[in-house]
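Protein chains in written order, with the numbering used here: chain P, -16 to 271; chain S, 745 to 930; chain Y, 18 to 821. Glycine included, C-beta positions come from ideal geometry on N, C-alpha and C. Keep in mind that this is a model prediction, so the values were computed, not measured.
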Amino acid sequence: MYPSKFGYEAPRSLDELSSLLNRYGDDAKILAGGQSLVPMMKLRFAAPEVLVDINGIPGLDYHREDPDGTLRVGALCRHVTLERSALLAAKHPLMAAAAPLIADPMVRSRGTMVGSICHSDPQGDWASVLLALGGHMVALGPRGRRTIAAGHFSLGPFQNALQPDEIALEAVIPAPTGQRSGTYLKLERRVGDFATAGVAMALETSDGRVVRAGIALTGVGPSNIAATEAAQALVGKPLSEESIEQAAQLAAAAAQPRGDHRGSAAFKRHVVATFIRRGLARGEAVAA
Amino acid sequence: MSYGRSVEVVETAENVRRITITVNGERRVVEVEPRLLLAHLMREGLGLTGTHFGCDTTNCGACTVLFDGEPIKSCTMLAVQADGHEVTSVEGLGTHSELDPVQEGFQAEHGLQCGFCTPGMMMASKALLNRNASPTEEDVRWALSGNLCRCTGYQNIVKAVLWAADKQRLSGPAAAGDTSSEEHVS
Amino acid sequence: MTQTAPVTPSSSQALDEIKIGGLGSSRLRVEDSRFIRGRGNYTDDVKLPGMLYMEILRSPLAHARIISIDTSRAWAIPGVRLVLTGEMMAQRNLAWMPTLSYDTQAVLATDKVRFQGQEVCVVVADDPYIAKDGCEAIDVEYEPLPPIVNPEQSAAPGAPVIRDDKQGQVDNTCYRWEVGDREATERAFAEADVVSKLKLHYPRSHPSPIECCGSVADFDPATKKLTVYMTSQAPHIVRSAVALIAELPEHMIRIVSPDVGGGFGNKVPVYPGYVHSILASILLGKPVKWTEDKTGNLISTGFGRDMYLDGEMALRSDGKILAVRMHADTDQGAFFADAQPSKFKIGLMHSTFACYNIGTGYITAQGHYTNKAPGGVAYRCSFRVTEAMFFQERMVQAAADDLGIDQAEFRRVNLLPDDAFPARTPFGFLVDSGQYDKCLQIGLDAIGYEEFRREQAAARAKGRLLGIGISTMTEPLGAGNSREYDILGIKMFDSAELRVHLTGKAILRTGAKTQGQGHETTWAQIVSHELGIPAADVVVEEGDTDTAPYGMGTYASRSTPVAGAAVSMVSRKIRAKARKIAAHLLEVSEEDIEWELGRFFVRGAPERGATIQECAMAAYSNMPDGMEPGLEGNAYYDPPNLTWPFACYIVTVEVDPETGVWDVLRVVAVDDCGVRINPMIVEGQIMGGLTEAYAMSNMQFQTYDAEGNIVGSNYMDYLIPTAWETPGFELHEVVTPCPHHPIGAKGVGECAAVGGPAAFVNAVLDAIAHTGVRNIDMPVLPDRVWTALQTHQDVSGAPPVRNG
């Protein structure tokens, strides 16, 4: 309930932020929404030397589409903004489905999508969403900007690919090549709980065929898992009971769950397959 | 101000920040250690003990306040982060002479027993009504899904919020969704 | 006995009882006025000049020998004022303290740690952040020992002896207990057509009020008086316990229990943290505040349940129960710290089957020490009654299934009939009253039992799994009569003191302590009922041992049955004196005085009267010659029996066959708690209890892994339902007045938490009846349901938690 001591910096610009990160290196920890970091500090599971609070940097709270349809979510865009977003409701079914399932209303007021992905908790939902959509993160550091594909961003539980002097500036979802459908299904023991198992499903269809598919799994491995083979089983053909079943089996096989008090490994695999069947059956309806 | 003591007794002043926050409509300038949680500043520093601690893990919502109008858990924000912002706590609901409809609703519908979760519940409810003047039962249950109550079973809390919504609507457009009145309580 | 306002002739000037907030009025709560303004005064809100703050260092290991403790780094931190170790406590003979079950408990560990989370050191500092820094700076070296996390391991040959501190303790047995008629039971089983058996585990659960425990100890070196503000459901017991443990004179100890943010049994025992803060204040001469964090609360303070049942029923093929035989193993954790009447080692477990005519029965029980947190408190129940009724209703369901008799009909056959009361149970209780069939029928009608069965069959044909579960039970509430019930030798009476002021306003104090039950509202209603003083004119105070009369506190639904009765009795004493004053004022003899609500009048001349307020005025200004002035008194109430509310809970659910997730469709509750003082508050209590029942059946529990690490140590894993998943409740009422309570009331606060869980579990098992599965341990988690559906086997939830 009482964090350890730390230094505190609140830069007002990206330049100022850069020089702070340069100065503190590994000792610095970025504070955005703080809804994962502050609880860990309260329990003293985390004790950063210096906290660099980016909330005072203007212009990072956006989520917007480029003219080509690319979606960009800024580092300070809160979950609640995405939950209420008309843009997502109209054009991004998977994101719109996932946003209200993050934690609880008060956490959503403060927490950010980008921060959640950076946190690299294998039970985090947004990383699966980004994986399924084939998105990437944009990092900003002294050497400028670079993009990191969603599949390369998380290196394991609570470890990401950012350098100590980099911050994640935005999450980017590429423009669709067909009609988007998809959803996020999450088995939670109670509302607001972390996923016992979660499945993000993103489809793009054109002329009745799936032209792009992404499936990613939450809470069933050391990181969020891109079920690439499962997704691939859907591409190039219309959605069918057979292809869905194939995807369900492949996704269950891709999961690497551990049994614990939330359920056995077999149960979690079974839930993954079930959610693929259910989620894609909905997608089938959308595509039809 | 470190945990409610004056700055003079802090063992070192090396790491103390001066911040300005507007609490329940009143501008306050305080000095805080960066690690001080906003909820501790409210309770210990500002003497506003209606904001409660019910857990260590950002689950219970007993510390819910409005931060620039949005409901947040004040145990999961550093006091120093509130610099330049507005915070409304349960003490900022209603006035000395008049209760907020949410407060009235909680009493009228027996929406509380031990009262410990009540301030957080009411602040989350207030945030909902500020945004949605005519919530359904489902809206209310969803809006309160980050607040734990151990006594009531929620049924009467839901009724209380719906009661407040009705009251607010009946008392005219000036009252509905208008948060400015409550933020100018002296 | 007076149950309702008497029917009065039209000429009467009696007050309208509902209008003055008397019995039966759903009066809005007076305590709400401060709570809705954020002006409650909970222990953590108490702030005294010069106050210091205390934090506890806890053991990370479940079982380990302490090799060394180095506190030097902690002492070096600026702002740290005191570091306490077990050794320092031992020097003051305070390293161990008695529990409420005649065992001992370590205040700070000296030799070994015996559960994860046990108190090892204490740091007092200028603020709690620094105190926490101090805890982190303490270096403790442990030598791990093998941990024990269930009774089977505890009783295994060669198991390490956890309580090697106790002389003569050669194994991990904590107690053995038996009740009933063994031989008669054996005979009945020999004659049975069918023997129905059931084994299950009632998981460890924590009462977990949202407010954790805490204290502000303030020892005044000048006056030598110790004041302790603390989260206690029973402040007088604490005062006596502190006097005995700390050897302080009792008159120099003042315990104040301010507003309490929920108790549910968790705040009955005396915990080490309270003792630490008291000793720290004595040593430092300054107020010391301890505010427990949620993890500390969940991993070290009184849990409930953790009991294993091995049960059998002897049945006749026509449905008649011939006998019941049960064995219970309880997992007590490292210290036997149940808060329960001294005579009963497994609480009131033997109240099981009290609402049924079972012929005869025999119960054995054994308590086991394990490397888990101590407790066994009455978590929203009357001392282990929750387990008793859960086992009963699960066994009843299994028996009906085994006989192929409808579950409702099976209950009808065996429930006590209305003319059976008072009914002696095979285990010695005297059940006072009830209308069981009526309650059951109201419940069945409300849920639409027959129609649901048809709906269920139709749904099953489409692959949907619907289920219906019933739980009927009576519960002994209001411990208790002084012959049988005591805690640490103190008889379980309660008390009330009433002072009526000159102007007819009054102050009432009782030995109980509200934690959300609304005593400030309802006690005034009882006074109002007895004296006709409007409830708004009566202020109620509780929780300060310097001012409140001695009482045993609020838990086990005993407030209304015991303290509430005392309120009635003291009011009647006041009325008796006021009658004499009225006779004096009306210049007639006392025999000619009649009473109607709020007023005495002359028999035969009803227009000549004196109100209670006029009598109060006269008590101070115009009393008859020779009468002691004033209008006040007290009453200590020793109940003749427990009160026996009855309830019927019916739940319908739908189980998702693919995920094992189950949703509650409807919950119907029929409660007969006798006369209801404030119907609104009674319904609030019932809904709260139903929610905890749902929680326990669905998500809420604590378990341990094989290393003795607790799962459920914070609200991320100790799951309490939110508004989102908590079902709606449909409440119904039957009133069978309690024949021995002054106003006919019975306890109610816990019935739904006691009787409810079985209804939820029975419903889920009914939904998957086709699998032949007899039991899934609570909480009935999705993966357990799925496993049952896959394997058609019972699913145990007993620790250690399985990985893989």
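The beta carbon of residue 780 of chain Y sits closer than 7 Å to the beta carbons of 484, 485, 486, 668, 669, 670 from its chain, once the five residues preceding and following it are set aside; these are given in chain order. In the same chain as residue 380 of chain Y, and ignoring 5 residues on each side of it, the C-beta atoms closer than 6 Å to its own belong to 196, 197, 343, 367, in chain order.
DSSP places residue 101 of chain P in the helix class (H, G or I) of the three-state scheme. With at least 16 other beta carbons inside 10 angstroms of its own, residue 24 of chain P counts as buried. Per DSSP, residue 760 of chain Y lies in no beta strand (DSSP E) and is assigned neither H nor E. Contact annotation: the stretch 534 to 554 of chain Y touches the stretch 613 to 630 of chain Y, with at least three C-beta pairs closer than 8 Å. In the DSSP annotation of this structure, the continuous segment of the beta strand (DSSP E) that includes residue 511 of chain Y starts and ends at 511 to 517. Just measuring C-alpha positions, the residue of Y/795, Y/819, Y/785, Y/796 sitting nearest residue 808 of chain Y is Y/785. For residue 318 of chain Y, there is no enclosing beta strand (DSSP E), as DSSP marks it with neither H nor E. Under the Cβ criterion (8 Å, minimum of three pairs), the stretch 778 to 794 of chain S counts as touching the stretch 809 to 822 of chain S. Beta-bridge pairing by DSSP links residue 36 of chain P to P/14. In this structure, the straight-line span from the alpha carbon of residue 285 of chain Y to that of residue 117 of chain Y is close to 9 Å. Taking a 10 Å sphere around the C-beta of residue 568 of chain Y, we find 16 or more other C-beta atoms and assign the residue as buried. Distance from the CA atom of residue 595 of chain Y to the CA atom of residue 525 of chain Y, rounded to whole angstroms, is 17 Å. Judged by DSSP in its simplified three-state form, residue 161 of chain Y adopts strand. Within the stretch 178 to 222 of chain P, the complete alpha helix (DSSP H) segments of 4 residues or longer fall at 211 to 215, listed in chain order. Look at residue 899 of chain S: its C-beta is under 8 Å from a C-beta on chain Y. The beta-bridge partner set that DSSP reports for residue 325 of chain Y consists of Y/218, Y/346. Excluding the 5 residues flanking it on each side, residue 259 of chain Y has same chain C-beta neighbours closer than 6 Å at 270, in chain order. Taking 8 Å as the threshold, the shortest C-beta distance from residue -15 of chain P to chain Y falls below it.
One finds -9 in chain P with Cβ atoms closer than 7 Å to the Cβ of residue 824 of chain S, taken in chain order.
Closer than 8 Å to the CB of residue 833 of chain S there is at least one CB belonging to chain Y. Near chain Y, meaning a CB-to-CB distance below 9 Å, the residues of the stretch 223 to 254 of chain P are 241, 242, 243, 244, 245, 246, 247, 248, 249, 250, 251, 253, 254.
Put simply, of Y/82, Y/509, Y/528 the residue whose alpha carbon is nearest the alpha carbon of residue 359 of chain Y is Y/509. In the DSSP assignment, the residues bridged to residue 386 of chain Y are Y/350. Nearest neighbour of residue 517 of chain Y by Cα position, chosen from Y/633, Y/479, Y/528, Y/440, turns out to be Y/633. With the criterion set as a beta carbon lying under 9 Å from some beta carbon of chain Y, the members of the stretch 153 to 178 of chain P are 170, 172, 173, 174, 175, 176, 177, in sequence order. Residue environment for residue 213 of chain Y: buried (at least 16 other C-beta atoms within 10 angstroms of its C-beta).
Distance from residue 12 of chain P to residue 3 of chain P at the Cβ level is roughly 11 Å; contact not present, criterion being Cβ atoms closer than 8 Å. Under the 8 Å criterion on CB atoms, residue 150 of chain Y is classed as interfacial with respect to chain P. As a beta-bridge residue in DSSP terms, residue 115 of chain Y pairs with Y/121.
For the 8 Å CB-CB criterion, residue 136 of chain Y and residue 73 of chain Y form a contact. Judged by beta-carbon spacing, residue 165 of chain P lies within the 8 Å limit of residue 77 of chain P, meaning their Cβ atoms are closer than that value.
Here residue 842 of chain S carries a coil assignment [DSSP, helix/strand/coil]. Setting aside the 5 residues that flank it on each side, residue 102 of chain P is surrounded in the same chain by 19, each with a C-beta closer than 6 Å to its C-beta; the list follows chain order.
Look at residue 874 of chain S here: in three-state DSSP terms it is helix.
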